[in-house]
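> Number 162 in my numbering belongs to position 160 of the sequence shown; there are no gaps in the numbering. There's a structure below that I have some questions on.
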Amino acid sequence: MQKFLISLSCLFLFNGLCFANEINRIHINNSYNIFSDPEFMPTEKIIKKQIITTYAQDNDGPLKTTYHANEKGFFEKAITSDAQYNINVDYSVRSIKYLNKKLWFRLNEQQNITSIVDDKQQNVSSLIYNQSGQLIEKNTDDEVWQQPLKRLYEYANNKVVRYTECWEDGCSLGEYSYNPAGWLIKVKSKSIDDNANNGQSKNNKTNNSNSYNIKCTFAKHNQYGDWTYGYCITPDGVTNTTFYRKLEYW
3 MQKFLISLSC
13 LFLFNGLCFA
23 NEINRIHINN
33 SYNIFSDPEF
43 MPTEKIIKKQ
53 IITTYAQDND
63 GPLKTTYHAN
73 EKGFFEKAIT
83 SDAQYNINVD
93 YSVRSIKYLN
103 KKLWFRLNEQ
113 QNITSIVDDK
123 QQNVSSLIYN
133 QSGQLIEKNT
143 DDEVWQQPLK
153 RLYEYANNKV
163 VRYTECWEDG
173 CSLGEYSYNP
183 AGWLIKVKSK
193 SIDDNANNGQ
203 SKNNKTNNSN
213 SYNIKCTFAK
223 HNQYGDWTYG
233 YCITPDGVTN
243 TTFYRKLEYW
């Protein structure tokens, strides 16, 4: 799984999912791709609140992260075990609070966030979308976000199936798998040779000490297709992370 810690009335039903149309579904998913991760997107019904409790080998105790979304389904808030990493998105004034900083975002005609700026109006993040309006590239200022410098998304059947991301010290690849109903069941993440990714990391090299290969399984799905339990294993079969997900819907 990626580094843990981080769119309306119903005109039709799709496996129980209450979205006005597919564009709204795309906007919702974009908001999670920008501020969180695809693992936490709603599958068939808009999520109001989700609590993720994570048990990892290298932590003394459980880590808890709570995500909130507004009535339209857009990601709105993250409350983490470390308060400095909390995120608060205010769509009414187009602002973001993160790492004790206040940032602002700009929208295009399709109401997609295209850039995020600081209080000096300096760009700290840029976002690029495909013709369907899906987020395909996110570029960030690592000093501001403490997140990947670049992340690229690939889609199939309106689902994220692959991402590549680059940090200062190297790059990684993630692949998402779904069952026939479209429910997330697996994510494979591994470090990759930066040369294979066109030298996107800041130092243009791979740090072998940071290499990893993790396979995460998502299970115990509820009636809306959202997972409620998962675990990650290392190549030698050791379970290094276990997580539980409690969900509340609009």
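Even for Gly, the Cβ is constructed at its ideal location relative to N, Cα and C. Note that the coordinates shown come from a computational prediction; the quantities given were computed from them, not determined experimentally.
Considering Cα atoms alone, identify which of V162, D195 and A85 is closest to D39.
One-based indexing of the sequence shown puts residue 39 at position 37. Taking only the C-alpha atoms, the option nearest D39 is V162.
> Three-state secondary structure (DSSP) at C234?
Looking up residue 234 in the sequence shown gives position 232. C234: strand per DSSP, three-state reduction.
> Can you have a look at G239 and say buried or exposed, based on whether 16 or more other CB atoms are within 10 angstroms of its CB?
Within the sequence shown, numbered from 1, the residue matching residue 239 stands at position 237. That one is exposed.
> In the DSSP assignment, what are the bridge partners of D92?
By one-based count along the sequence shown, residue 92 stands at place 90. DSSP output for D92 lists S97 as bridge partner(s).
> What does DSSP give as the partner residue(s) for H223 in the beta ladder?
Along the sequence shown, read from residue 1 onward, the residue named residue 223 stands at position 221. Bridge partners of H223: none, in fact.
> Below 8 Å on the Cβ atoms is my contact criterion, and I expect Y226 with T55 to pass it. Report the Cβ-Cβ distance as a whole number of Å.
Position 224 of the sequence shown, counting from 1, holds the residue named residue 226. Position 53 of the sequence shown, counting from 1, holds the residue named residue 55. The pair is not a contact, with the Cβ atoms about 20 Å apart (cut-off 8 Å).
> Give the single residue among Y178, S128 and T230 whose Cα lies nearest to the Cα of L249.
To locate residue 249, count along the sequence shown from 1; it is residue 247. For L249, the nearest C-alpha among the options comes from T230.
> I need the DSSP call for N72, collapsed to helix, strand or coil.
Your numbering for residue 72 matches position 70 in the sequence shown. Looking at N72 - three-state DSSP - the assignment turns out to be coil, as it is neither helix nor strand.
> Between the Cα of N216 and the Cα atoms of Q123, I235, S134 and H223, which residue gives the shortest distance?
In the sequence shown, counting from the first residue as 1, residue 216 sits at position 214. Going by the sequence as given, residue 216 is Ile instead of Asn. Residue I235 is the option with its Cα nearest to I216.
> By how many angstroms is the C-alpha of M43 removed from the C-alpha of P182?
Indexing the sequence shown from 1 puts residue 182 at position 180. Indexing the sequence shown from 1 puts residue 43 at position 41. If I take the Cα positions, the gap works out to 17 Å.
> DSSP three-state call for A183: helix, strand or coil?
As a position in the sequence shown, residue 183 is number 181, starting the count at 1. It is coil, neither helix nor strand.
> With Y131 and N114 assumed to form a contact (beta carbons below 8 Å), what rounded beta-carbon distance in angstroms separates them?
Taking the sequence shown and counting its residues from 1, the one referred to as residue 131 is at position 129. Taking the sequence shown and counting its residues from 1, the one referred to as residue 114 is at position 112. Right, their Cβ atoms sit about 5 Å apart.
> Can you tell me which of the three DSSP states V240 falls into?
Stepping through the sequence shown from its first residue, residue 240 is reached at position 238. V240: coil per DSSP, three-state reduction.
> Which residue wins for smallest C-alpha separation from F76, given the options S179, Y155, N242 and S33?
Here residue 76 refers to the residue found at position 74 of the sequence shown. Nearest option by C-alpha distance: S33.
> From K47 to N35, what does the alpha carbon distance come to, in whole angstroms?
As a first step, residue 47 must be located in the sequence shown, where it is residue number 45. As a first step, residue 35 must be located in the sequence shown, where it is residue number 33. C-alpha separation (whole angstroms): 17 Å.
> Could you tell me which residues DSSP puts in a beta bridge with N159?
Indexing the sequence shown from 1 puts residue 159 at position 157. Bridge partners of N159: none, in fact.
> Can you tell me the Cα-Cα spacing of T241 and V189, whole angstroms?
Within the sequence shown, numbered from 1, the residue matching residue 241 stands at position 239. Within the sequence shown, numbered from 1, the residue matching residue 189 stands at position 187. Each residue's Cα considered, the two are about 14 Å apart.
> Hey, out of K192, K99, S174 and G232, whose CA is closest to K152's CA?
On the sequence shown, position 150 is the one that residue 152 refers to. Of the listed residues, the one whose Cα sits closest to K152 is S174.
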